[in-house]
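Chains as they are written, first to last, in the working numbering: chain A, 1 to 267; chain B, 268 to 650. Even glycine gets a Cβ: it sits at the ideal position worked out from N, Cα and C. The model shown is predicted, which means the values in this text are computed figures rather than measured ones.
Printed below as a string of structure tokens:
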């Protein structure tokens, strides 16, 4: 398929080199992310292979110890808050943006997407200095609002993409049939764009669940999240509980995003 | 239209406004002006750069005493310290020993602490007292207001920022280049395969893309240890006979950043390569072009927009890197974002953090505007 039927020896050599190169690059891309997985069930506290034996002890440490369990719990609470806020506001905004009568669409889109472009350190420092005097630093509300700003673009983009395939005459038909705008949205539009909404929600959840920098600035010890706990662990005392936590984080994100991707591609 | 309003307002209040307030700190800082109002008034108008006369000293004494009583003294000391290293202890010590029964004089204070008889001290106070200042922004590019009133270079021992910006640019450019070299052939292969193999291979690119930067940095922290897997592998293959230091080095940082950024460079190239029909290359061959000429003159011009988009995206994202340099880089590999964080958390120099943020944001938005102009904002999609 890649080589023409009349390939010369030189063509074949070139293709072999290319395939070897691509294999190396793919290995470089994929193998490192799976490195923590086997180490997380190693019975010894070493970071090298071969593994000495099988053990769940590091998972017991993560799921059993107070600090890690609290962190997981905080992360889930925050991520749910962010998902609800980002998905509802983001869907509304995407619907508004898709309206043909929307003025200044490009400018507004640029503002809504900008949290993806602005370096997150600036978002985090800005939020910290701004929220601290009004009592929103070291609070769940503060973290949820700040993370919503960086999670909402994902919802705007995915819902916007599914709205591109939505036939607006359906809304006119609903209106003619006597449905009020909210009913028309709920009964006609929402079911049709639901895959996009759900996939946006999954992206928003993962964006918050994996978020570190904003949490570092806005969370106090009472709100410490899973990424923060990992960051501190990586900086201060590197031990295999990190590999167990990394495996948990990675598998939950990948699982959710595969679901989101399936939803997004189903048109 | 009203539907956009809730998110728009939320973003204005919780994103745009805080960032505007942060950037404003780079040029507007009323702390010293508010805490030392009499000194500010007494200094006003005097263009003289020397140590001022008794009237200013008397005003300064009253201000210090008032500041001590309303708790703004510490902020004054902190701010002056940002302008003049080691000023903090002088301010605090002087204020502690101060009791006014008659107006403070120049002779009195300079014998108490010769620091106040130094023209550099008063130059710093003159620079710090006006609420609007360009000093921090200038400092962020290693310039300063000279005592003579012009703009000049920072003394070498304080001129650190150009090095940091240059380092950030160099690392971003290096990572961009490496991701391009690694990713371009792979993008071509993925774009020209079809069927289930292609779908599976694309998933292999997306898996790391979907794994958080922190988790991937954690994986590299484990891999790059002196007794880690990479060193074991290199020793086992006899590439080296002693473990190489990779953690806390530039090499380690670039490896980890390249791994994280590779999908960002690759995916835009891949999506544009998918649109190019293989029959074009066949046409070029049948017209007698050699493979290299056909690639250079037919294929490359068409994929260039994807290459530019991918590289620009990776370059922009690299400028703002924080987590990976903090965990994998050594002290000499910290980027702009790490310095911003340090100024907020360790040095409490918010103005300097704001000035560095200002420049980082200007660079990022400038590059992004170029990106948006070339490709439209819609290209910011996730694959």
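What does the Cβ neighbour count give for residue i, buried or exposed, with the cut at 16 atoms within 10 Å?
i                     : result
residue 509 (chain B) : exposed
residue 6 (chain A)   : exposed
residue 169 (chain A) : exposed
residue 576 (chain B) : buried
residue 593 (chain B) : buried
residue 135 (chain A) : exposed
residue 73 (chain A)  : exposed
residue 54 (chain A)  : exposed
residue 196 (chain A) : buried
residue 56 (chain A)  : exposed
residue 571 (chain B) : exposed
residue 265 (chain A) : exposed
Could you give the residue range of the alpha helix (DSSP H) that holds residue i?
i                     : result
residue 420 (chain B) : Residue 420 (chain B) -> not in any alpha helix (DSSP H); beta strand (DSSP E) instead, spanning 418 to 420.
residue 188 (chain A) : No alpha helix (DSSP H) holds residue 188 (chain A); DSSP gives it neither H nor E.
residue 403 (chain B) : 402 to 407
residue 273 (chain A) : Because residue 273 (chain A) is not part of the residues shown, which for chain A are 1 to 267, the question remains open.
residue 72 (chain A)  : 66 to 98
residue 501 (chain B) : 496 to 503
residue 571 (chain B) : 567 to 586
residue 273 (chain B) : 272 to 278
residue 283 (chain B) : No alpha helix (DSSP H) holds residue 283 (chain B); DSSP gives it neither H nor E.
residue 610 (chain B) : 603 to 612
residue 344 (chain B) : 340 to 350
residue 328 (chain B) : 321 to 336
residue 300 (chain B) : 298 to 302
residue 139 (chain A) : Counting along the chain, residue 139 (chain A) falls outside any alpha helix (DSSP H), and DSSP gives it neither H nor E.
residue 562 (chain B) : Where residue 562 (chain B) is concerned, there is no enclosing alpha helix (DSSP H), given that its DSSP letter is neither H nor E.
residue 110 (chain A) : 105 to 113
residue 375 (chain B) : 373 to 379
residue 54 (chain A)  : That residue, residue 54 (chain A), is in no alpha helix (DSSP H); it is neither H nor E in DSSP.
residue 256 (chain B) : Only positions 268 to 650 of chain B appear in this structure, which leaves residue 256 (chain B) out of reach.
residue 233 (chain B) : Because chain B is modelled from 268 through 650, residue 233 (chain B) falls outside the range shown and cannot be assessed.
The beta strand (DSSP E) spanning residue i covers which residue range?
i                     : result
residue 410 (chain B) : 410 to 412
Since residue i meets chain B, which of its residues come closer than 7 Å, beta carbon to beta carbon?
i                     : result
residue 249 (chain A) : 479, 482
residue 231 (chain A) : 481
What does residue i reach in chain A if we use C-beta pairs closer than 7 Å?
i                     : result
residue 695 (chain B) : Outside the displayed span of chain B (268 to 650) sits residue 695 (chain B), for which this structure offers no information.
residue 453 (chain B) : 22, 25, 26
residue 607 (chain B) : 121, 125
residue 635 (chain B) : 117
Given this structure, state the Cα-to-Cα distance separating residue i from residue j, to the nearest angstrom.
i                     : j                     : result
residue 579 (chain B) : residue 573 (chain B) : 10 Å
residue 355 (chain B) : residue 34 (chain A)  : 50 Å
residue 182 (chain A) : residue 171 (chain A) : 11 Å
residue 569 (chain B) : residue 544 (chain B) : 11 Å
residue 639 (chain B) : residue 599 (chain B) : 33 Å
residue 342 (chain B) : residue 387 (chain B) : 20 Å
residue 10 (chain A)  : residue 17 (chain A)  : 11 Å
residue 296 (chain B) : residue 339 (chain B) : 14 Å
residue 187 (chain A) : residue 91 (chain A)  : 15 Å
residue 305 (chain B) : residue 126 (chain A) : 32 Å
residue 219 (chain A) : residue 151 (chain A) : 17 Å
residue 44 (chain A)  : residue 26 (chain A)  : 30 Å
residue 560 (chain B) : residue 459 (chain B) : 19 Å
residue 247 (chain A) : residue 410 (chain B) : 47 Å
residue 632 (chain B) : residue 336 (chain B) : 44 Å
residue 642 (chain B) : residue 292 (chain B) : 34 Å
residue 649 (chain B) : residue 184 (chain A) : Note on residue 649 (chain B): pLDDT 43, under 50, position unreliable in the model; the coordinate value appears next. Spanning the two alpha carbons is a distance of roughly 30 Å.
residue 375 (chain B) : residue 412 (chain B) : 29 Å
Anything in chain B within Cβ reach of residue i, meaning under 8 Å, just list it in chain order.
i                     : result
residue 128 (chain A) : 611
residue 149 (chain A) : 277, 278, 281, 282
Cβ closer than 7 Å: which chain D residues qualify as neighbours of residue i?
i                     : result
residue 617 (chain B) : The structure shown contains no chain D; its protein chains are A and B.
Could you work out which residues of chain B lie near residue i, taking near to mean beta carbons separated by less than 9 Å?
i                     : result
residue 225 (chain A) : Within 9 Å Cβ-Cβ: nothing; residue 225 (chain A) doesn't reach chain B, min ~11 Å.
residue 53 (chain A)  : Residues of chain B passing the Cβ test: none, with the nearest at roughly 18 Å.
residue 242 (chain A) : 485, 488, 489
Under 9 Å between beta-carbons, which chain A residues line up against residue i? List them in chain order, please.
i                     : result
residue 494 (chain B) : 46, 47, 48
residue 604 (chain B) : 119, 120, 121, 122, 213
Interface residues of chain A around residue i at Cβ under 8 Å?
i                     : result
residue 286 (chain B) : 118, 122, 123, 126
residue 628 (chain B) : 118, 119, 122
residue 526 (chain B) : 28, 29, 32
query: Should the stretch 143 to 156 of chain A be called in touch with the stretch 63 to 81 of chain A, which here means at least 3 C-beta pairs below 8 Å?
result: yes
- prompt: Taking contact to mean at least 3 C-beta pairs separated by less than 8 Å, is the stretch 150 to 159 of chain A in contact with the stretch 108 to 124 of chain A?
  reply: yes
message: Using a Cβ distance threshold of 8 Å, determine whether the stretch 591 to 610 of chain B contacts the stretch 546 to 556 of chain B, with at least three qualifying pairs required.
response: no
- prompt: Hey, is the stretch 387 to 398 of chain B in contact with the stretch 342 to 350 of chain B, meaning 3+ C-beta pairs nearer than 8 Å?
  reply: yes
- prompt: Looking at C-beta atoms only, is the number of pairs between the stretch 363 to 370 of chain B and the stretch 324 to 336 of chain B that lie closer than 8 Å three or more?
  reply: yes
- prompt: Three or more C-beta pairs closer than 8 Å, one from the stretch 615 to 625 of chain B and one from the stretch 248 to 265 of chain A: is that the case here?
  reply: no
query: Between the stretch 506 to 525 of chain B and the stretch 483 to 491 of chain B, do at least 3 Cβ pairs fall closer than 8 Å?
result: yes
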